[in-house]
Amino acid sequence: MTDRSQDVSDTSELDDLARSGRSTVTSMKLAEIRRYPIKSLLGEQLATVEVDQRGLVGDRLWAVRDADGKLGSGKNTRRFRRMPGMFTLRGHSGDPVPVVELPDGRRFPADELAGHEAVSEVLARRVTIEREAKVMHHDEGPVSLISTAALRRLHDLLGEPIDPLRFRANLLVDVPGSDFPEDRWLGRTIRIGSDVVLRPRRRLTRCVMIDLAQEGAPEHGHLLRTVAEHHDLTFGVWATVERPGRIELHDVVELMPA
Numbered sequence: 001m002t003d004r005s006q007d008v009s010d011t012s013e014l015d016d017l018a019r020s021g022r023s024t025v026t027s028m029k030l031a032e033i034r035r036y037p038i039k040s041l042l043g044e045q046l047a048t049v050e051v052d053q054r055g056l057v058g059d060r061l062w063a064v065r066d067a068d069g070k071l072g073s074g075k076n077t078r079r080f081r082r083m084p085g086m087f088t089l090r091g092h093s094g095d096p097v098p099v100v101e102l103p104d105g106r107r108f109p110a111d112e113l114a115g116h117e118a119v120s121e122v123l124a125r126r127v128t129i130e131r132e133a134k135v136m137h138h139d140e141g142p143v144s145l146i147s148t149a150a151l152r153r154l155h156d157l158l159g160e161p162i163d164p165l166r167f168r169a170n171l172l173v174d175v176p177g178s179d180f181p182e183d184r185w186l187g188r189t190i191r192i193g194s195d196v197v198l199r200p201r202r203r204l205t206r207c208v209m210i211d212l213a214q215e216g217a218p219e220h221g222h223l224l225r226t227v228a229e230h231h232d233l234t235f236g237v238w239a240t241v242e243r244p245g246r247i248e249l250h251d252v253v254e255l256m257p258a
């Protein structure tokens, strides 16, 4: 169980530091916000979003599920089943349920039987689209972050720009230079805008999905290998939410003192 009194103490301390002018170790800005209403499908770019303890509100809250209960993905694991064709589908936020868009442009509410049948046809297997139950759909943690500096480092290594959408991160942080600055965020706190405070916990392990063709980015034969050789198969970090609130594109991102 989370100790809320500790959360209040931690964030009050952050407020004190901010008022004293000692809070900003590195000033950065929020360059992109991405949400994936249906896990492993194409998602949406946002100008603003609410963040709660689970992460971006509505992010990966629904998922494609097969008859064995495995979640649709670009990889095979104990929880996931590789389903070619996932990246031809897109999830859109909706009220009360998200909407799935097919390659031919048709759209269905995620809980509609006709939509399940149409998605099953695209994926060539019987599937449903279901809301998260007891276990979170996230691969590793609530909020995923990558930086423009790390993308530049990959550019240096590969000799070509890498589209951030390949990593399906929630937040792209604009950071100067060419490096992997996220490594230095681990265990510290990051404030985004005036409300939200995140705590990066661990580097994100990558899989074959970053090499797959998606949303205008062609198949890539060397990205995963490069990440493995130069950064231990990791890229970006995942974070827990210390304080919820609203974030907006171009918000200042502050790395707080250790």
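Number 186 in the UniProt record's numbering belongs to position 186 of the sequence shown; there are no gaps in the numbering. Glycine is no exception: its CB is placed at the ideal position from the N, C-alpha and C atoms. The model shown is predicted, which means the values in this text are computed figures rather than measured ones.
In the three-state DSSP reduction, PHE180 falls in the coil class, being neither helix nor strand.
Counting along the chain, THR189 sits inside no alpha helix (DSSP H), nor does DSSP assign it H or E at all. Per DSSP, the beta-bridge partners of LEU171 are ILE33, LEU145.
Judged by DSSP secondary structure, SER120 falls within the alpha helix (DSSP H) whose first and last residues are 113-123. Here DSSP, grouped into helix, strand and coil, assigns ASP156 to helix. In its chain, beyond the 5 residues on either side, THR88 have a beta carbon closer than 6 Å to the beta carbon of PRO103. Under the Cβ criterion (8 Å, minimum of three pairs), the stretch 187-207 does not count as touching the stretch 36-45. In this structure, LEU123 lies away from TRP185, with their beta-carbon atoms at least 8 Å apart. Under a 10 Å Cβ-count criterion, SER194 is classified as exposed, with fewer than 16 other Cβ atoms of the shown protein chains found around its own Cβ.
When DSSP reads this structure, PRO109 sits in a beta bridge with VAL99.
For SER27, the number of other beta carbons within 10 angstroms of its own is below 16, and it is reported as exposed. The DSSP-derived three-state label of PRO244 is coil. Here LEU113 is exposed. Its C-beta has fewer than 16 other C-beta atoms within 10 Å. Counting C-beta atoms within 10 angstroms of its own C-beta, HIS137 has 16 or more neighbours from the protein chains shown and is therefore classed as buried. Beyond the five residues adjoining it in sequence on each side, LEU30 comes within less than 7 Å, by CB distance, of LEU171, VAL173, ILE192, ILE247, LEU249, HIS250, ASP251, VAL253 in the same chain, given in chain order.
Contact between ALA149 and PHE235 is absent: CB atoms are separated by about 12 Å, not below the 8 Å threshold.
At the C-beta level, GLU182 and VAL237 come within 8 Å of one another.
Non-local C-beta neighbours of LYS134 in its own chain, meaning closer than 6 Å and more than five positions away in sequence, are absent.
The stretch 42-53 makes no contact with the stretch 116-132; the number of CB pairs closer than 8 Å stays below 3.
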